[in-house]
Each structure stands twice: as structure tokens, then as C-alpha cells.
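> I have a structure here, written as C-alpha cells, and I will follow up with some questions on it.
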Amino acid sequence: MENNWDPGLAGQFTARLLEWKDATPRPMPWKGVRDPYLIWLSEIILQQTRVEQGLPYFERFRARFPTVESLAAAPDDEVFKLWEGLGYYSRARNLLETARYIAGERGGKFPETYEGIKAMKGIGPYTAAAVASFAFDLPHAVVDGNVYRVLARVFGLVTPVDSTDGKRLFSEWAQKLLDIAAPGVYNQAIMDFGAIQCKPASPACGQCPMQSFCRANQTGKVDELPVKARRLAKRVRYFHYLVLRYEGKLLLRKRTAKDIWQHLYDFPLVESEQKEMDLAQLQASPAWKTLVGKNSPMLFHCSQSFQQTLSHQHIIARFWEFDLPDPWVLDDAEYIVEERENLTKFAFPKIVDWYLKKL
DNA sequence: AATACGGGGAC
DNA sequence: GTCCCAGTATT
């Protein structure tokens, strides 16, 4: 019953939202921008990322790659280096793929329909609606974490937002509420409202223009909405990195396997089911036999333990440093030998970055 | 329908 | 510690 559509309520919602927006300016570098390239770039950076975290990345990308052609022409490693620390690195891969598609196959011109935009790599329903509405004034409602929260609370929608039913339901509500006279302005407004007013924790209900008709406020369930069904289990992994040195050079490895941190660099890795490992176990590993073999190290040092939590994994890593008396014989493009000073041009996972800072 | 995929900030 | 963030791709 509470999920029923009420045109009167909907009208109030949109009217109050737009009033609120005028009274609560929130300047952003991409607001008012009409260049679909810059809008797209900002939206990819902001996927599952707080505005405060993404902003400096957007400015650096815009400065270095002002056009889609300049981005398309960039070496992969440079893009990943610029993306370093932002997480969800498949976004960087898809960013490049889409830039090269637009520059190479479309003469640099962005698709101008929702379907055309959404068909490109790294662009789902949210990003397609954002680009379509901000760049081309197309009437597509954005549905992001803010929209889930605002609609769930104001209209008392209790369907879990991470369910198939929930995704469909919230998209339908969002689309019906959209102000088709100004889709871009409305989309910006509802996301700003979610970020500033209808916050996840301690929302400002006392000063909220929706207070009188907000279902969650009426029923005292503001803190229970939106409903999320799934909770995730984290896998624990123990990494023992081989930091192999010869005359000031280090052996790096590019991560290419179907695993975390694809396209980033780290070191040869021995993964273990156990937290601790001794030298004999390390020397029995395939990685050791391949990369060190009979080249017996002169001395070694084992680092402290570093820990990093990812979305679905918890990593515990140690770095074993070895000085080798003889140079490597490498026939594998997976590995790179680099001077210690040149490491700054490679993109590393945070846990490797932390270690390198202490090295 | 579930799961994988980062990192940071707020509490 | 937990939760969430201008989500998407894959299985």
C-alpha cells in the first residue's frame, strides 16, 4: 500500500526539491559543463566514489587529457598511474577502451542517445542517464545511492535496493518523478539533496523541506531506510612478496591475471594459506625456483606485516627483500627490471605503495 | 540472482 | 570494527 504512486505527493516532492536546490548551491567543476567528454570523465571517476575523493583526480585528468582524442592516444600505463589510488581499476581500463572507440570509430563524437551512450564500456544505467541528461537534456532519471536513499525515505519504499525488484521499482519511481522540462538540473538536484540533506547517517530532517510528507519521518524509520538485503563475506589472503634486488634494480611484475589490481604493478608473489612462512617454504615455491633458482641471495630481510581491506578481500602482506649476487635471465614480459628511482612512473596497489614508502 | 571489484571517510 | 560512496561487469 505504501508503495502506491501518489501524483499529488510526487508533485510536492519535485517542487520542494527544486526550491531546495535554488536555496542550496553546490558548485562542482562539472556542473553546467556541456562537453559530453568531460561529463563522462567525471561520472566514471565518481562511480562508487565520494565527490571529495574524486575531485582531484578529475582535475588531473582534465588537465592532462583535455579531449577524448588526447586520452585515446595515452599509453595505458600513464592512465593507470593517473588513476592510482582511486580503486576499481577496471574503470581505467574501460575509460581507455571507450575513449579509443570514440576517437577511432566515431571521429571523436559522443553518441547522443541513451542507448548509444549505455552501449559503451564502463557505462551502465546510471552513467548513461547522467551523460544523456547533463550533456543532451535527454529525459533519463539517474538512480544512484543518493536516489535510492531519498526515494526510499520520502516515499517509504521498503523493497531492498540491492534486489532485482528494488532496482526496477526505484528506477520506475525515479523516472516518473523526473522533471522532464529540465532533466539535468533535476538529476543534479536529487543527488545533491541526498548528499547534503538526506545523508545516510544523521540526516538533517529538522531543516528538511520534505519533512511534512516524508514517510520515513512520519513513521520514525529514517534510520531503517533504504533497506539493503545482502551483506558480503571477506576472504583473507596472505601475500609473501619477493623483493629481488640486484645493483639497485628491482624486479617488478605487472598484474595480468583475473584477480584484484589488474594492470597495476607489484612484485613476484607467493601466496599462502598461512600467515607465517619461513625461508625454506619460500624457496620451495615455483616463483622462487623460476626467478632465483641457484642464484643464492647474499642476505635477506623480512618486512613488517602490512594489511589492506578491499571490497571482498582482506590482504595481509609481507615483503621479503633479497640481494642477488648475479643478474636475472628473464624471458617473460610479465616481469620488468627497474631502478629504484624510476618506480614513480608505475601504478601500484596501496599496500605496495605503503611498503615502498618505508623502503 | 550473486558476486567481484578499491579506497577513503564518517561514526 | 561497520557502513557507504554520483555503479558496472561477469558468472
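Count along the first sequence from 1, add 3, and you get the number used in the numbering used here.
Positions of the beta carbon are idealized from the N, C-alpha and C atoms, including for glycine.
1. What's the C-alpha gap between G127 and I318?
2. Do V82 and A66 have their C-beta atoms closer together than 8 Å?
3. DSSP three-state call for W23: helix, strand or coil?
4. Please state the DSSP three-state secondary structure of W323.
5. State the start and end residues of the unbroken beta strand (DSSP E) segment that holds Q311.
6. Which same chain residues end up closer than 6 Å to M4 when comparing Cβ atoms and leaving out the 5 residues on each side of it in sequence?
7. Tell me whether Q316 sits in a helix, a strand or coil according to DSSP, three-state version.
8. Closest to T130 by CA distance: which of R63, K361, V355, G187 is it?
9. Just to confirm, are L245 and W291 a CB contact at a threshold of 8 Å?
10. Going by the beta-carbon positions, is the gap between Y3 and F351 smaller than 8 Å?
11. Return the chain-ordered list of same chain residues with a C-beta closer than 6 Å to the C-beta of F137, the five sequence neighbours on each side being excluded.
12. Assign D147 to buried or exposed, taking buried as 16 or more other Cβ atoms, counted over all protein chains shown, within 10 Å of its Cβ.
13. Given this structure, state the Cα-to-Cα distance separating W33 from Y60, to the nearest angstrom.
14. What's the C-alpha gap between Y189 and L181?
15. Could you check how far apart the C-beta atoms of N97 and G125 are, in whole angstroms? I think they sit under 8 Å.
16. Would L12 pass as a contact of A192 if the rule is Cβ separation under 8 Å?
17. Among T167, L313, T116, N149, whose alpha-carbon lies nearest the alpha-carbon of G197?
18. Between V157 and L85, what straight-line distance do the alpha-carbon atoms span, to the nearest angstrom?
19. Quick check on L8: buried or exposed, where buried means 16 or more other Cβ atoms within 10 Å of its Cβ?
According to the structure data:
1. Translated into the one-based positions of the first sequence, residue 127 becomes position 124. Translated into the one-based positions of the first sequence, residue 318 becomes position 315. Using only the alpha carbons, I get a separation of about 29 Å.
2. Taking the first sequence and counting its residues from 1, one reaches residue 82 at position 79. Taking the first sequence and counting its residues from 1, one reaches residue 66 at position 63. Contact: no.
3. In the first sequence, residue 23 corresponds to position 20, counting from 1. Of the three classes helix, strand and coil, the one that applies to W23 here is helix, per DSSP.
4. The residue you call residue 323 lines up with position 320 of the first sequence. Looking at W323 - three-state DSSP - the assignment turns out to be strand.
5. Counting from one through the first sequence, the residue named residue 311 turns up at place 308. Counting along the chain, the beta strand (DSSP E) containing Q311 begins and ends at 309–312.
6. Locating residue 4 in the first sequence gives position 1, counting from the first residue. Reliability fails at M4, whose pLDDT of 39 lies under 50, so the model's placement of it is uncertain and the value that follows must be treated cautiously. Excluding residues within five positions, none has a Cβ falling inside 6 Å.
7. The sequence position of residue 316 within the first sequence is 313, counting from 1. Three-state DSSP puts Q316 in a strand.
8. Taking the first sequence and counting its residues from 1, one reaches residue 130 at position 127. For T130, the nearest C-alpha among the options comes from G187.
9. For this step, residue 245 is matched to residue 242 along the first sequence. For this step, residue 291 is matched to residue 288 along the first sequence. Going by beta carbons, L245 and W291 fall inside the 8 Å limit.
10. One cannot answer for residue 3 here, as it falls past the ends of the chain, which runs 4 to 362.
11. Numbered from 1 along the first sequence, position 134 holds the residue referred to as residue 137. I42, G187, listed in sequence order.
12. If you number the first sequence from 1, residue 147 lands on position 144. Buried, because 16 or more other Cβ atoms sit within 10 Å of the Cβ of D147.
13. Locating residue 33 in the first sequence gives position 30, counting from the first residue. Locating residue 60 in the first sequence gives position 57, counting from the first residue. Roughly 13 Å between the two C-alpha positions.
14. As a first step, residue 189 is located in the first sequence; it is residue number 186 there, counting from the start. As a first step, residue 181 is located in the first sequence; it is residue number 178 there, counting from the start. Straight-line Cα distance between these residues: approximately 7 Å.
15. Your numbering for residue 97 matches position 94 in the first sequence. Your numbering for residue 125 matches position 122 in the first sequence. With 8 Å as the limit, N97 and G125 qualify as a contact, their Cβ atoms being about 3 Å apart.
16. Position 9 of the first sequence, counted from the start, is the residue given in the question as residue 12. Position 189 of the first sequence, counted from the start, is the residue given in the question as residue 192. No, the Cβ-Cβ distance between L12 and A192 is not below 8 Å.
17. On the first sequence, residue 197 is found 194 positions in, with the first residue counted as 1. Per the C-alpha coordinates, the member of T167, L313, T116, N149 positioned closest to G197 is N149.
18. Your numbering for residue 157 matches position 154 in the first sequence. Your numbering for residue 85 matches position 82 in the first sequence. About 39 Å.
19. The sequence position of residue 8 within the first sequence is 5, counting from 1. Contrary to the premise, residue 8 reads as Trp rather than Leu in this sequence. So W8 counts as exposed.
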